[in-house]
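Chain order of the listed sequences is E and Z.
If you're matching positions, the first sequence starts at 1 in full-length UniProt numbering and goes up one per residue.
If you're matching positions, the second sequence starts at 1 in full-length UniProt numbering and goes up one per residue.
Number of protein chains: 2
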Amino acid sequence: MKRAPTLVDVASQAGVSYATVDRVINGRGAVAEKSRASVLKAVADLGYVRNVAAANLAQRRIYRFCFVIPEGTNTFFDRVCTILRNAHPPAGTDRVQIAIERVAAFDPAALAHCLTKLAQIDVDGVALVGIIGAGVDDAIAALRAKGVAVLAMISDMPAPQRDAYIGIDNATAGRTAGGLIVLAHGGRAGRVLPIIGAITARDHAERLAGLRETLAPTTLTTAPLVEGRDRHDVVEARLRAVLAADPQITAIYSAGAGNAGLIRVIAALPADRPRPVIVLHELVAHNRAALEAGLIDIVIDQRPEEEITRTLALLRSLADRHPLPDAPLIVPAIYIRENLPGTRAPSEGPAT
Amino acid sequence: MKRAPTLVDVASQAGVSYATVDRVINGRGAVAEKSRASVLKAVADLGYVRNVAAANLAQRRIYRFCFVIPEGTNTFFDRVCTILRNAHPPAGTDRVQIAIERVAAFDPAALAHCLTKLAQIDVDGVALVGIIGAGVDDAIAALRAKGVAVLAMISDMPAPQRDAYIGIDNATAGRTAGGLIVLAHGGRAGRVLPIIGAITARDHAERLAGLRETLAPTTLTTAPLVEGRDRHDVVEARLRAVLAADPQITAIYSAGAGNAGLIRVIAALPADRPRPVIVLHELVAHNRAALEAGLIDIVIDQRPEEEITRTLALLRSLADRHPLPDAPLIVPAIYIRENLPGTRAPSEGPAT
DNA sequence: TGATTTCTGATAGACGTCTTTCATTTGCAG
DNA sequence: CTGCAAATGAAAGACGTCTATCAGAAATCA
């Protein structure tokens with residue numbers, strides 16, 4: 001087994017000195033165009049790939065990544081933070097430091113300010129939840145100009161601004177909800193009530209469009225849209241009113257947050273009234289509990305674990321100056337009571 | 001920022017020489033019990049963790065892992081191999097070599113023979129699909145005696161034999177199928193036809209038990225079990241007969257393979273007869289196509305990508321002599337027509 | 001042509017661990 | 001106390017890359 005080519009091999013193959021190869025590879029000092037070309041050719045011919053372990057060792061490198069996560073009442077982002085903190089230990093072995101910055105939700109100025117601060121510190125990569133707003137683009141541009149990788153998670157932003165987007169396709173999520181509702185009706189007629197945070201929230205609007213697209217060719221109709229502003233008290237009040245007024249509702253799809261309120265309404269439903277089919281988003285604690293209690297039927301989850309795993313891998317990849325692989329979008333997961341994660345098999349004991 | 005402790009630090013902290021520390025850490029040569037204790041204490045006190053990058057550099061280490069995959073007509077394992085081959089490039093950077101060995105399915109002797117051969121070569125870890133049979137245990141024991149990590153994938157084996165199991169809980173899978181079938185009936189009565197490969201296949205039996213457990217408290221009944229021996233011709237013939245004889249069937253759950261045959265039967269169903277709800281396993285090509293065509297409703301997938309990712313991570317972890325983290329079992333994924341993976345969002349263009 | 005620049009080569013010391021060699025000390029049995 | 005084995009220390013050269021320095025060569029300009 002022949003060993004992998006090293007920079008010394010590249011140098012001799014290119015007919016230049018190690019120093020020159022280094023200048024080309026690491027882009028320092030002036031190099032004649034001719035030399036640069038022959039080095040690059042040698043790299044290609046030999047199939048040289050930098051030994052990242054050796055490089056990191058020499059540099060005593062520690063990868064410093066920062067996740068900028070919205071702060072607020074949204075349980076989902078707390079879940080993201082928990083996952084991030086648990087992702088740390090395996091990464092710890094890997095010389096990776098993960099910082100979490102919480103910034104006010106839906107506040108472009110706060111985000112921009114945070115990013116500007118990050119630009120001062122030495123950071124290798126930043127992951128943020130995309131929002132659009134004054135100042136954010138500039139702050140991101142400044143970061144990227146410094147060579148910092150910037151990824152959008154969960155919610156995308158215009159393509160040229162970020163290096164990549166990692167998250168689900170919200171139209172797919174909406175279509176999935178639609179498909180499950182269709183399945184649950186089994187050919188019977190029905191009336192679906194959609195609830196979203198606000199029609200101005202792009203991801204919610206996309207989910208809604210996906211739902212409608214799937215319901216269109218069926219016998220199912222949709223009730224007038226309810227905007228719950230992602231707040232459980234608002235959702236609770238409005239849903240209660242709608243259900244009282246419209247006894248025809250056979251299904252509810254809530255594309256946004258604030259579902260603790262929805263669950264309260266369902267729990268208080270009169271026992272003689274058949275409960276509508278209910279599809280919610282995100283496997284946060286109260287949704288999970290409701291699923292286990294049989295109060296709701298389905299939770300569509302964007303699998304933040306997977307999103308974070310992929311984000312970390314991509315941040316590393318970019319920091320190592322590897323070409324970025326194009327992974328497909330994450331597919332939303334469907335959870336029912338029976339396939340909830342996190343339960344260990346009873347047979348599983350400690351290994352000997 | 002203080003740098004992480006090195007073996008030199010450990011040595012001085014323990015009051016012994018580097019050489020002694022090395023003997024303890026890497027277990028070579030004789031060390032007095034007293035010295036060993038003080039070294040271990042120093043390691044614990046300082047929180048020393050070996051710098052894997054440096055270690056691998058010094059050893060010019062390449063991780064050599066082997067996946068032993070059943071050979072046969074089962075499309076699922078072809079899919080596993082494809083995923084494995086695609087998992088390679090990112091790993092390539094990581095100095096990981098993955099070999100795939102195909103052995104005759106359900107043949108303990110062939111497996112044992114393969115493992116014995118692997119014991120000759122220098123391998124760091126082996127992943128195999130657990131089966132029980134004469135000779136296999138001994139072959140595995142021999143491997144592990146040499147310090148080779150052995151993982152069971154997809155199908156488990158007795159706990160003391162393997163270092164860990166990575167796969168789904170089949171009872172959960174069966175319950176999930178049951179839950180979805182209940183959902184699709186929406187409270188109406190129905191009759192579910194279970195199809196499995198053979199009642200002697202443990203994973204199939206477990207799935208069946210899970211199904212029954214979920215259906216028990218409902219109004220749904222089960223039709224007599226069909227054994228399709230995982231062969232599409234057998235499944236096709238038997239299913240055709242059963243459907244003709246029993247017009248009451250409202251759902252079919254196929255826990256095993258051979259579903260190409262099932263799909264043929266469904267495609268040929270008279271148009272006036274309402275198609276039963278159909279739940280299959282594994283997102284292989286023909287199942288996926290049937291889902292897209294609307295011939296079936298649901299595919300439960302054990303997510304081999306995830307299984308392989310985890311297996312590789314675990315193999316590395318074991319090879320690096322890290323304590324093995326106990327990750328929860330993999331949860332089966334539910335696919336319907338709307339959330340099939342692998343489609344890129346149309347908005348997604350190449351990054352600038 | 002000479003005086004600059006611009007490139008290039010040679011070399012050396014890190015980084016943290018592995019591996020080996022050789023000399024020395026310690027413990028224990030006789 | 002001697003002698004032998006077990007235990008320990010000291011040291012040095014890898015592994016592949018980064019980083020820095022300095023002298024010398026080649027190209028450029030006047």
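Glycine is no exception: its CB is placed at the ideal position from the N, C-alpha and C atoms.
Taking C-alpha atoms, which residue in the options lies nearest to residue i?
i: residue 255 of chain E; options: E/205, E/184 and E/324; result: E/205
i: residue 296 of chain Z; options: Z/193, Z/276 and Z/146; result: Z/276
i: residue 197 of chain E; options: E/174, E/257, E/221 and E/302; result: E/257
i: residue 144 of chain E; options: E/271, E/162, E/133 and E/157; result: E/162
i: residue 226 of chain Z; options: Z/213, Z/208, Z/217 and Z/74; result: Z/208
i: residue 156 of chain E; options: E/202, E/195 and E/176; result: E/202
i: residue 315 of chain E; options: E/87, E/151 and E/147; result: E/151
i: residue 4 of chain E; options: E/30, E/23 and E/50; result: E/50
i: residue 106 of chain Z; options: Z/308, Z/230, Z/253 and Z/244; result: Z/230
i: residue 217 of chain E; options: E/288, E/182 and E/13; result: E/182
i: residue 213 of chain Z; options: Z/170, Z/247, Z/8 and Z/67; result: Z/170
i: residue 288 of chain E; options: E/236, E/245, E/274 and E/342; result: E/342
i: residue 11 of chain Z; options: Z/33, Z/32 and Z/40; result: Z/40
Give the interface partners of residue i over in chain Z, defined as CB-CB distance under 7 Å, in chain order.
i: residue 180 of chain E; result: 336
i: residue 311 of chain E; result: Per Cβ cutoff of 7 Å: no residues; residue 311 of chain E is ~15 Å from chain Z at best.
Residue i touches chain E at which residues, Cβ-Cβ below 7 Å?
i: residue 341 of chain Z; result: 328 and 331
i: residue 82 of chain Z; result: Correct list: empty, because the minimum Cβ distance to chain E is about 15 Å.
Quick check: the Cα distance between residue i and residue j, rounded to an integer number of angstroms?
i: residue 28 of chain Z; j: residue 15 of chain E; result: 43 Å
i: residue 266 of chain E; j: residue 186 of chain Z; result: 17 Å
i: residue 83 of chain Z; j: residue 306 of chain Z; result: 10 Å
i: residue 280 of chain E; j: residue 328 of chain E; result: 24 Å
i: residue 272 of chain E; j: residue 100 of chain E; result: 48 Å
i: residue 347 of chain Z; j: residue 42 of chain Z; result: Since pLDDT at residue 347 of chain Z reaches only 38, below the 50 mark, its modelled position is unreliable, and the value read off the structure follows with that caveat. If you take the alpha carbons of residue 347 of chain Z and residue 42 of chain Z, they lie about 55 Å apart.
i: residue 17 of chain E; j: residue 54 of chain E; result: 20 Å
i: residue 77 of chain Z; j: residue 251 of chain Z; result: 27 Å
i: residue 81 of chain Z; j: residue 200 of chain Z; result: 26 Å
i: residue 94 of chain Z; j: residue 56 of chain Z; result: 10 Å
i: residue 9 of chain E; j: residue 45 of chain E; result: 11 Å
i: residue 195 of chain E; j: residue 253 of chain E; result: 6 Å
i: residue 239 of chain Z; j: residue 268 of chain Z; result: 12 Å
i: residue 146 of chain Z; j: residue 122 of chain Z; result: 10 Å
i: residue 47 of chain Z; j: residue 323 of chain Z; result: 15 Å
i: residue 317 of chain Z; j: residue 26 of chain Z; result: 16 Å
i: residue 349 of chain Z; j: residue 326 of chain E; result: Reliability of the predicted coordinates at residue 349 of chain Z is poor, the pLDDT of 35 falling under 50, and the value obtained from them is presented with this limitation in mind. Approximately 10 Å between the Cα atoms of the pair.
i: residue 13 of chain E; j: residue 22 of chain E; result: 14 Å
i: residue 65 of chain E; j: residue 137 of chain E; result: 19 Å
Since residue i meets chain E, which of its residues come closer than 8 Å, beta carbon to beta carbon?
i: residue 184 of chain Z; result: 183, 184 and 186
Would the C-beta of residue i count as close to the ligand ZN, meaning under 6 Å from any of its heavy atoms?
i: residue 174 of chain Z; result: This structure simply doesn't include the ligand ZN, nor any ligand for that matter.
With the cut-off set at 7 Å, would you say residue i and residue j are in Cβ contact?
i: residue 191 of chain Z; j: residue 223 of chain Z; result: yes
i: residue 339 of chain E; j: residue 176 of chain Z; result: yes
i: residue 148 of chain E; j: residue 126 of chain E; result: yes
i: residue 174 of chain Z; j: residue 211 of chain Z; result: yes
i: residue 24 of chain E; j: residue 320 of chain E; result: no
i: residue 270 of chain Z; j: residue 300 of chain Z; result: no
i: residue 313 of chain Z; j: residue 286 of chain Z; result: no
i: residue 135 of chain Z; j: residue 112 of chain Z; result: yes
i: residue 335 of chain E; j: residue 283 of chain E; result: yes
i: residue 153 of chain Z; j: residue 309 of chain Z; result: no
i: residue 63 of chain Z; j: residue 124 of chain Z; result: yes
i: residue 68 of chain E; j: residue 128 of chain E; result: yes
i: residue 103 of chain E; j: residue 110 of chain E; result: yes
i: residue 360 of chain E; j: residue 115 of chain E; result: Residue numbering for chain E in the displayed model covers 1 to 352; residue 360 of chain E lies beyond these limits and cannot be assessed.
i: residue 168 of chain Z; j: residue 330 of chain Z; result: yes
i: residue 219 of chain E; j: residue 184 of chain E; result: no
Check the Cβ of residue i against every Cβ in chain Z and list those closer than 8 Å, keeping chain order.
i: residue 3 of chain E; result: 60
* Asked: Which residues, in order along the UniProt domain "HTH lacI-type" (5 to 59) of chain Z, keep a beta-carbon less than 8 Å from a beta-carbon of chain E?
  -> Against chain E - using a Cβ distance shorter than 8 Å - the residues of the UniProt domain "HTH lacI-type" (5 to 59) of chain Z are 49, 51, 52, 53, 54, 56 and 57.
* Asked: Name the residues in the stretch 130 to 162 of chain E whose C-beta lies less than 9 Å from a C-beta of chain Z; which are they?
  -> For the stretch 130 to 162 of chain E, the set of residues with a beta-carbon nearer than 9 Å to any beta-carbon of chain Z comprises 156, 159, 160 and 162, in chain order.
* Where the stretch 279 to 299 of chain E meets chain Z: residues whose CB sits under 7 Å from a CB there -> Correct list: 297.
* In the stretch 209 to 232 of chain Z, which residues sit with their C-beta less than 9 Å from some C-beta in chain E, listed in chain order? -> Those residues of the stretch 209 to 232 of chain Z placed with their C-beta closer than 9 Å to a C-beta in chain E are 210 and 214, ordered along the chain.
* **Cβ-based contacts, 7 Å cut-off: residues of the stretch 161 to 176 of chain E near chain Z** => Taking 7 Å as the upper bound on Cβ-Cβ separation, chain Z lies near residues 163, 164, 169, 172, 175 and 176 of the stretch 161 to 176 of chain E.
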